[in-house]
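In the UniProt record's numbering, the protein residues as written are 1 to 105. Note that CB positions come from ideal geometry on N, CA and C, so glycine has one too. Source: prediction; values computed, not measured. The structure under discussion appears below in the form of structure tokens.
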């Protein structure tokens, strides 16, 4: 599981029943939208997420409609299990130092 995927899951799991729109998820995960949207699409495809577009008139609001995402009950459980099994834990990644190969000092 990639670090970006872990960050998106952690952002969604902070409040698993709350709907969040794309930019909220970007801010919570600390990632750009071009990174999170493919991840969200993948999770929706496997049933972990549900999404809906808000019911507004974009011309009246002066902005595009937002797409809201929410974890399904099964998705929240699967996300928790996937994070628990993830090999790359946030905060435990080795620090790479330029010029040092294979941990040489």
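Cβ pair residue i, residue j closer than 8 Å
| i | j | result |
| --- | --- | --- |
| residue 37 | residue 47 | no |
| residue 50 | residue 17 | no |
Local conformation of residue i per DSSP, three classes
| i | result |
| --- | --- |
| residue 33 | helix |
| residue 80 | helix |
| residue 51 | strand |
| residue 67 | strand |
Same chain, Cβ closer than 7 Å to residue i, five either side skipped, listed in chain order
| i | result |
| --- | --- |
| residue 4 | 31, 35, 39 |
| residue 76 | 13, 16 |
| residue 26 | 32, 33, 36 |
Test: residue i CB closer than 8 Å to a CB of chain B
| i | result |
| --- | --- |
| residue 16 | Here there is only one protein chain, and chain B is not present. |
Straight-line Cα distance separating residue j from residue i
| i | j | result |
| --- | --- | --- |
| residue 83 | residue 43 | 14 Å |
| residue 58 | residue 79 | 33 Å |
| residue 65 | residue 52 | 10 Å |
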